Amino acid sequence: MDERFTAERFQLTPEKMAAGLEVLRKRMNRQLKASLEVCVRCGLCAESCHYYVSNPKPEHVPAFRAEQLRKIYRRLEDPLGKSAPGWIAAADLDQEMVEMLLLTAYGSCTMCGRCVINCPMGVDTRLIMRTARAMLTAMDMTPEGLKATVNVHLETGNNMGVTTEDFVETVEWMEEELQAELDDPSVKIPLDKKGARVVYTLNPREVKYFPYLLQAAAKIFNAAGENWTLSTESWDATNYALFNGDDAAAKKLAQNLERAVNHLRADVLVMAECGHGYRSQRWEGENWVGHGYPFRVMSFVELQAQYIYEKRFELDPTVNSQRVTFHDPCNQARNGGIVDEPRYVLRHVCTDFVEMTPHGVENYCCGGGGGMLSMTDFAKERMAAAKAKADQIAATGAKIVATSCHNCLDQLDEIKRHYKLDVKIQNLSELTSAAIVWKKQ
């Protein structure tokens, strides 16, 4: 047994085992069954995975990870797996299999989806891994950091437990800072403004540790003359239940934002620069809540590109004169469809933009996705797998790595220190904000 998993947590009762298997049975739809059945073991997925590229061993091949759930699937569903499991590598869900699922679904996979788009058979390993995670969650085997993140969000309304009082104070502080920066007392960060066109969300890390990102966003909104607001009712863009596979929790968190937008009678919900937050609310949320939203869901990246296209403000790209490269967040680009917009922005707000190789939907995961940053048990593996991304960055010669996701920002900052890269990590909105030529209203 892996020493990181305590014996106490591994005392799996028959009830817990049954709960895990019940999750698998309930999720056995056509898409999952096809992904479990059609793998031909060609191995093409190996080079798609940043874990394998950084450390090429069999355990890091996506097909190997998926095979762990396939063993359980065969035992449940295949007639030969029921009668002669050894013939087709079927396996019962026991303590050994639970540990293997933990090490594969959580310990060496960020569910980035790069293997999915490179699979000739269309196997969705990302779906298989999320199913395995859902089973582990039902058995109370979610790594503690990820478990706590989801629970805090459910209990307090945001994943860092920021109180409404602290939230409001931070917003008011950033409004004052922005007015001082621009020498313009007319700029505002509105709260709970009914009838605003846009409701903007935040990542709690911005409120708690990086409030200057709220200041940058507010500068963009004000420069564009947007009718916008923040909501004190619900403002957290994240949804870490995407990562632990708990659809009931994911539904509740998606509904929190839906209610807030409806109460303010807004037309557009704009998700902060958060890869998984955007994917959760834009592409998964309506499935979880069971109906379509009466408003549009956009990423702030899309909105920045729209403002620039519409010439809503003047830009001076020379203020960002150092070479810039862009890291595509997996859940924004590969799993979210936003590829051209950040490049359109960067070509207008800086003077020297270069691409990573590969980039766009083929970009390597930074290693911080899938809730990995919250799971300290796997920090060593996370940083080892980040070598692929460090090599990508170094090859560009860039001095600034821009991205549009907080998990990516934090992971890239760790990569910078761990691999001793001479770069600065910045949010896309920071570069846009810096390039705006302010005109007093």
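At position 125 of the sequence shown (counting the first as 1) the number is 136 in the numbering used here, and the numbers step up by one without a gap.
Using N, Cα and C, we set each Cβ at its ideal position, and we do this for glycine too.
Predicted, not measured: the structure shown is a model, and the values here were computed from it.
Residue 298, DSSP secondary structure in three states: helix
Cα-Cα separation, residue 463 to residue 124: Since the first residue shown for the chain is 12 and the last is 452, residue 463 is missing from the structure and cannot be characterised.
Where residue 139 falls, given that 16 or more other Cβ within 10 Å makes a residue buried: buried
CA nearest to the CA of residue 244, picked from 266, 254, 229: 266
Residue 165 (DSSP reduced to helix, strand or coil): helix
8 Å contact criterion, which residue 173 and residue 275 should meet: CB distance rounded: Their Cβ separation, rounded to whole angstroms, is 20 Å, which puts residue 173 and residue 275 out of contact at 8 Å.
Reduced DSSP category for residue 142 - H, G, I as helix; E, B as strand; rest coil: helix
Distance between residue 304 and residue 294 (C-alpha atoms, nearest Å): 11 Å
Residue of 343, 232, 445, 185 minimising C-alpha distance to residue 317: 232
From 334, 321, 370, residue whose alpha carbon lies closest to that of residue 345: 370
Expected contact under 8 Å - CB spacing of residue 160 and residue 385 to nearest Å: 5 Å
Buried versus exposed, by CB contacts within 10 Å (16 or more), residue 291: buried
Beta-carbon proximity list for residue 148, same chain, < 7 Å, skipping 5 on both sides: 255, 256, 257
Straight-line Cα distance separating residue 424 from residue 287: 18 Å
Residue from 338, 361, 367, 364 with nearest C-alpha to residue 378: 338
Spatial distance of residue 310 from residue 171 (CA atoms): 22 Å
Buried/exposed call for residue 36, threshold 16 Cβ in 10 Å: exposed
Element boundaries [alpha helix (DSSP H), containing residue 310]: Where residue 310 is concerned, there is no enclosing alpha helix (DSSP H), although the beta strand (DSSP E) it sits in stretches over 307–310.
CB-CB length for residue 120 against residue 56, believed under 8 Å: Rounded, the Cβ-Cβ distance is 11 Å, inconsistent with contact.
contact_flag[the region 351–370, the region 37–57] where n(CB pairs < 8 Å) is 3 or more: no
Residue of 409, 284, 442, 450 minimising C-alpha distance to residue 419: 284
Assigned exposure category for residue 448 - 16 Cβ within 10 Å defines buried: exposed
Distance between residue 407 and residue 433 (C-alpha atoms, nearest Å): 12 Å
Own chain partners of residue 409 with C-beta closer than 7 Å, once the 5 adjacent residues on each side are dropped: 334, 335, 336, 365, 434
Buried or exposed (CB count within 10 angstroms, at least 16 for buried), residue 49: exposed
Integer Cβ distance of residue 281 from residue 326, believed to fall under 8 Å: 20 Å between Cβ atoms; not a contact.
Contiguous alpha helix (DSSP H) assignments of at least 4 residues, all confined to the region 187–222: 215–219
Pick from 251, 400, 47, 196 that is closest to residue 163, judged by C-alpha positions: 251
Same chain, Cβ closer than 7 Å to residue 437, neighbours up to 5 away in sequence not counted: 411, 413
Backbone CA spacing between residue 87 and residue 383 [nearest angstrom]: 30 Å
Delimiting residues of the beta strand (DSSP E) encompassing residue 337: 335–337
Integer-rounded CB distance, given that residue 228 should sit under 8 Å from residue 440: 6 Å
Nearest-angstrom Cα separation, counted from residue 65 out to residue 368: 15 Å
Where residue 67 falls, given that 16 or more other Cβ within 10 Å makes a residue buried: exposed
Integer-rounded CB distance, given that residue 207 should sit under 8 Å from residue 238: 5 Å
N-terminal and C-terminal residue of the beta strand (DSSP E) that residue 435 is part of: 435–438
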